[in-house]
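In order, the protein sequences belong to chains S and X.
With numbering that gives the first Met the number 0, letter number 57 in the first sequence gets 56, and the count goes up by one each step, no holes.
With numbering that gives the first Met the number 0, letter number 257 in the second sequence gets 256, and the count goes up by one each step, no holes.
Backbone N, C-alpha and C fix where the C-beta goes; we use that ideal spot for every residue, glycine too.
Comments concern the structure below.
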Amino acid sequence: MQKFLRRYYLFFTAVAFAAFFVSFVFPFVLSIYLSFAQITSPFEANFAGVKNFAGILSDKDFINSLLLTGKFAIVCAISVNVISYFLALFIKYALKNSDIFKSLFFLPNLISAIAVGYFCQAFVAEISTPFFKLLGISSSLPSFWGLVFTLNWQLIGFMSLIYISAMGTVSKEVIEAARLDGASSLKIFLNLKIPAFIPAALISFFLVLINAFKVFEQNLAFDTALKSNKTQLIVLDIYNTFYSKTALEGAAQAKAAVFFAVFAFLFFILFKILKKRGIKL
Amino acid sequence: MIKLFKSVCFITFFVFTGALFLAPLKYAVFAEVFRAQKALNGYSPAAFFDFFWDYAAVLYKSGFLEAFVYSLFITIFSTWAIIIFTSMAAWMLVRLNNKFNTFLYYCFIFSMAVPYPLLMWTSPKTAAFFHLANPFGIIVLYLGFGAGLTVFLYGTFIKRIPKEIEEAAFMDGCSVRAVFFNVTMPILSPVTMAAIIFNVLWIWNDYLMPSLIIGQQYKTLPILIQNIASNPQEINYLPLVLFFSLYMPLLFFAAFKKNILKAFSTGIQK
Numbered sequence: 000m001q002k003f004l005r006r007y008y009l010f011f012t013a014v015a016f017a018a019f020f021v022s023f024v025f026p027f028v029l030s031i032y033l034s035f036a037q038i039t040s041p042f043e044a045n046f047a048g049v050k051n052f053a054g055i056l057s058d059k060d061f062i063n064s065l066l067l068t069g070k071f072a073i074v075c076a077i078s079v080n081v082i083s084y085f086l087a088l089f090i091k092y093a094l095k096n097s098d099i100f101k102s103l104f105f106l107p108n109l110i111s112a113i114a115v116g117y118f119c120q121a122f123v124a125e126i127s128t129p130f131f132k133l134l135g136i137s138s139s140l141p142s143f144w145g146l147v148f149t150l151n152w153q154l155i156g157f158m159s160l161i162y163i164s165a166m167g168t169v170s171k172e173v174i175e176a177a178r179l180d181g182a183s184s185l186k187i188f189l190n191l192k193i194p195a196f197i198p199a200a201l202i203s204f205f206l207v208l209i210n211a212f213k214v215f216e217q218n219l220a221f222d223t224a225l226k227s228n229k230t231q232l233i234v235l236d237i238y239n240t241f242y243s244k245t246a247l248e249g250a251a252q253a254k255a256a257v258f259f260a261v262f263a264f265l266f267f268i269l270f271k272i273l274k275k276r277g278i279k280l
Numbered sequence: 000m001i002k003l004f005k006s007v008c009f010i011t012f013f014v015f016t017g018a019l020f021l022a023p024l025k026y027a028v029f030a031e032v033f034r035a036q037k038a039l040n041g042y043s044p045a046a047f048f049d050f051f052w053d054y055a056a057v058l059y060k061s062g063f064l065e066a067f068v069y070s071l072f073i074t075i076f077s078t079w080a081i082i083i084f085t086s087m088a089a090w091m092l093v094r095l096n097n098k099f100n101t102f103l104y105y106c107f108i109f110s111m112a113v114p115y116p117l118l119m120w121t122s123p124k125t126a127a128f129f130h131l132a133n134p135f136g137i138i139v140l141y142l143g144f145g146a147g148l149t150v151f152l153y154g155t156f157i158k159r160i161p162k163e164i165e166e167a168a169f170m171d172g173c174s175v176r177a178v179f180f181n182v183t184m185p186i187l188s189p190v191t192m193a194a195i196i197f198n199v200l201w202i203w204n205d206y207l208m209p210s211l212i213i214g215q216q217y218k219t220l221p222i223l224i225q226n227i228a229s230n231p232q233e234i235n236y237l238p239l240v241l242f243f244s245l246y247m248p249l250l251f252f253a254a255f256k257k258n259i260l261k262a263f264s265t266g267i268q269k
């Protein structure tokens with residue numbers, strides 16, 4: 000059959016390969032090259048070494064937004080995981096794993112991120128302004144915390160699904176058997192429940208980090224609605240450098256390359272964990 | 000009696016939690032209720048129809064209907080293209096096992112680790128260069144970007160299907176094409192479902208890529224929302240457009256609830 004497969008090779012793969020080349024491989028290689036180049040137009044650039052990277056290191060906005068994104072990602076990773084773990088416990092044991100509740104908490108995941116941004120911006124502003132007035136501060140909640148709320152709202156349903164499916168991996172029979180063999184509750188918890196829980200916790204931790212790193216639409220929505228550009232996470236900073244400033248394409252491309260390096264690193268770790276867990280579909 | 004009481008409690012609790020959790024959506028929903036009340040307080044029987052006309056007029060004037068059609072067109076055909084062409088490619092890459100194919104397979108998987116912001120500037124330029132900056136061309140772009148995840152989904156599954164099934168069909172006189180479409184594809188249907196879910200949700204909700212490539216002339220729903228929100232003359236349309244943009248994802252979810260919950264509980268997303 001191998002011989003015949005070879006004959007049909009192009010029939011099966013040509014379209015996918017062509018599309019993959021045009022839309023991914025070519026722009027990807029170009030992007031990486033351009034981050035090391037002095038750009039005059041996308042197809043005309045001179046190699047300039049690491050000049051772009053040296054330039055962005057002294058760019059205060061970039062460093063600030065990178066640090067802000069890091070802070071944002073860590074705050075979100077912790078808060079989303081803690082909330083969704085308890086939510087998972089609640090759905091699994093108090094609500095008997097009911098699908099309708101899982102769906103309810105999963106809903107924000109289906110809405111486009113830009114719409115979520117506008118919904119949450121209006122909501123956060125409405126909730127926080129009277130509260131801040133009470134404290135005697137005339138401003139509303141900083142958009143950083145608004146964005147934290149937005150991402151939490153979007154992701155807790157998804158993450159609790161992961162936790163629930165991990166909780167199901169230790170069956171009642173196994174626990175019963177362990178108990179009959181003389182294991183104490185503490186031992187069962189340490190040696191059976193924790194090992195089942197750790198991969199799920201790692202997966203959802205890195206998933207939230209990845210999602211928080213590439214937050215863009217929500218950030219854009221907050222900025223547009225508030226008509227300010229004080230809180231810029233990394234992707235919005237890259238976007239603005241490309242499209243609102245002139246003659247900074249090289250710098251923007253270098254920023255994007257740094258962003259890619261961080262993102263790919265997080266993704267690589269997530270992929271390793273997923274592979275170890277033996278993804279089933 | 001106790002059962003009835005229990006279910007009433009459950010429903011009340013569900014409504015309560017639902018209202019609390021979905022409170023951020025009230026911005027659109029309540030704005031609509033107030034609009035409706037205002038329309039109904041006109042006291043004439045005709046006002047009732049006015050209210051519908053109002054809706055229709057806003058949907059038309061804001062460009063919602065047009066954007067909806069573009070979004071639907073792009074989502075359906077991109078997903079179709081991704082499913083057909085990537086499943087074929089993934090099958091060939093896994094079954095015809097040599098070094099070149101293994102390398103290509105890992106290239107596809109690597110593309111999952113590349114976020115779109117890296118290509119934010121080069122991708123629109125290349126799209127323009129290859130004359131792909133139109134609603135048909137963007138299907139090709141989505142095929143290229145969606146291929147990574149979909150090849151991965153299909154590839155891991157195909158590796159677990161025994162080769163012998165296909166070889167038996169081939170020995171019985173099936174052509175290679177028929178083997179794939181009539182023997183392998185039906186076995187792959189659970190993955191196809193997952194791939195459809197991930198890709199539809201991604202493409203329908205995607206903002207950055209279409210806004211950079213076709214956003215000037217052809218507005219999909221997320222682009223329309225952003226345009227309306229950033230234009231002070233049109234901002235009155237925003238609640239209504241946000242409200243109506245909720246329908247499609249909800250319908251999709253209602254249709255595939257079980258599959259969506261199952262697909263996402265693996266921790267994979269696009």
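Q. Short check: CB of Asn-258(X) to CB of Ile-196(X), under 8 Å?
A. yes
Q: Please list the partners that Lys-158(X) has in chain S, where partner means a Cβ-to-Cβ separation under 8 Å.
A: Chain S residues near Lys-158(X): none, gap ~12 Å exceeds 8 Å.
Q: Please look up how many angstroms separate the CB atoms of Ile-237(S) and Ala-251(S), rounded, as I've assumed it's under 8 Å.
A: 6 Å
Q. Applying a beta-carbon distance threshold of less than 8 Å, which residues of chain X neighbour Ile-237(S)?
A. Pro-116, Met-119
**Q.** Cut-off 6 Å between Cβ atoms - residues of its own chain near Asn-218(S), not counting five sequence neighbours on either side
**A.** Leu-232, Leu-235
Q: For Val-169(S), decide whether its Cβ has a neighbour in chain X, counting only Cβ atoms nearer than 8 Å.
A: no
Q: Measure the alpha-carbon distance for Lys-70(S) versus Phe-188(S) and round it to whole angstroms.
A: 32 Å
Q: Work out the CA separation of Phe-241(S) and Trp-120(X) for me, nearest whole Å.
A: 7 Å
Q) Who are the neighbours of Cys-119(S) on chain X, taking C-beta pairs under 7 Å? A) Pro-23
**Q.** Buried versus exposed call for Met-91(X) [16 or more other C-beta atoms within 10 Å across all chains shown]
**A.** buried
Q) What separation, rounded to the nearest whole angstrom, lies between the Cα atoms of Gly-154(X) and Trp-52(X)? A) 51 Å
Q | Nearest-angstrom Cβ-Cβ length linking Phe-156(X) and Leu-117(X), presumed shorter than 8 Å | A | That belief does not hold up - the Cβ atoms of Phe-156(X) and Leu-117(X) are roughly 29 Å apart, past 8 Å.
Q.
Which residues in chain X have a C-beta closer than 8 Å to the C-beta of Asp-98(S)? List them in chain order.
A. Lys-256, Lys-257, Leu-260
**Q.** Pairwise C-alpha distance: Asn-210(S) and Gly-266(X)
**A.** 12 Å
**Q.** Tyr-166(X): contacting residues in chain S (beta-carbon distance under 8 Å)
**A.** A small correction: the amino acid at residue 166(X) is Glu; Tyr does not occupy that position in the sequence shown. Within chain S, the residues near Glu-166(X) are Met-0.
Q. Hey, Ala-199(S) and Ile-161(S) are a contact pair by Cβ (cut 8 Å); roughly how many whole angstroms apart?
A. 5 Å
Q) What residues of chain X sit near Phe-221(S), judged by a beta carbon separation below 8 Å? A) Within chain X, no residue comes near Phe-221(S); the closest Cβ sits about 11 Å away, beyond 8 Å.
Q: List the DSSP bridge partners of Gln-317(S).
A: Coverage of chain S is limited to positions 0 through 280, which leaves residue 317(S) absent and any answer about it impossible.
Q: Note down, in chain order, each residue of its chain lying with its Cβ closer than 6 Å to the Cβ of Gly-54(S), except the 5 sequence neighbours on either side.
A: Ala-250
Q. Does the stretch 17-25 of chain S come close enough to the stretch 140-149 of chain X that 3 or more CB-CB pairs lie under 8 Å?
A. yes
Q) Roughly how many angstroms separate the alpha carbons of Ala-112(X) and Ser-227(S), rounded to a whole number? A) 31 Å
Q: Specify whether the stretch 219-233 of chain X and the stretch 84-98 of chain S touch according to this definition: at least 3 beta carbon pairs, one from each stretch, less than 8 Å apart.
A: no
(Q) In the DSSP assignment, the alpha helix (DSSP H) including Trp-203(X) goes from what residue to what residue? (A) 188-204
Q | Contact under 8 Å by Cβ, Gly-156(S) with Leu-106(S) | A | yes
Q) How many angstroms separate the CA atom of Lys-124(X) from the CA atom of Leu-211(X)? A) 10 Å
Q.
Quick check on Tyr-84(S): buried or exposed, where buried means 16 or more other Cβ atoms within 10 Å of its Cβ?
A. buried
(Q) So, at 8 Å on beta carbons, what are the nonlocal neighbours of Glu-65(X) in its own chain, with the 5 sequence-adjacent residues on each side left out? (A) Lys-218
Q) Do Leu-146(S) and Leu-262(S) come within 8 Å of each other at the CB atom, strictly closer than that value? A) Checking the displayed sequence, the identity of residue 262(S) turns out to be Phe instead of Leu. No, the pair does not count as a contact, with Cβ atoms beyond the cut-off.
Q: Report the residues of the stretch 107-132 of chain S with a CB closer than 7 Å to any CB of chain X, ordered along the chain.
A: Leu-109, Ile-110, Ser-111, Ala-112, Ile-113, Ala-114, Tyr-117, Phe-118, Cys-119, Ala-121, Phe-122
Q) Which residues of chain X have a Cβ atom closer than 7 Å to the Cβ of Pro-26(S), listed in chain order? A) Leu-118, Thr-121, Ser-122, Thr-125
**Q.** Lys-60(X) versus Leu-239(X), Lys-2(X), Ser-6(X), Pro-248(X), residue with shortest Cα-Cα distance
**A.** Leu-239(X)
Q) Roughly how many whole angstroms lie between the Cα atoms of Phe-84(X) and Ala-15(S)? A) 6 Å
Q) Beta carbon of Lys-101(S), beta carbon of Ile-110(S): below 8 Å? A) no
Q | DSSP-derived helix/strand/coil call for Tyr-42(X) | A | Its pLDDT being 46, under 50, Tyr-42(X) is placed unreliably by the model, and nothing is read from it.
Q.
By the three-class DSSP mapping on this structure, what secondary structure does Val-7(X) have?
A. helix
Q. Apart from the five residues on each side of it in sequence, which residues of its chain come closer than 7 Å, Cβ to Cβ, to Ser-244(X)?
A. Leu-220, Ile-224
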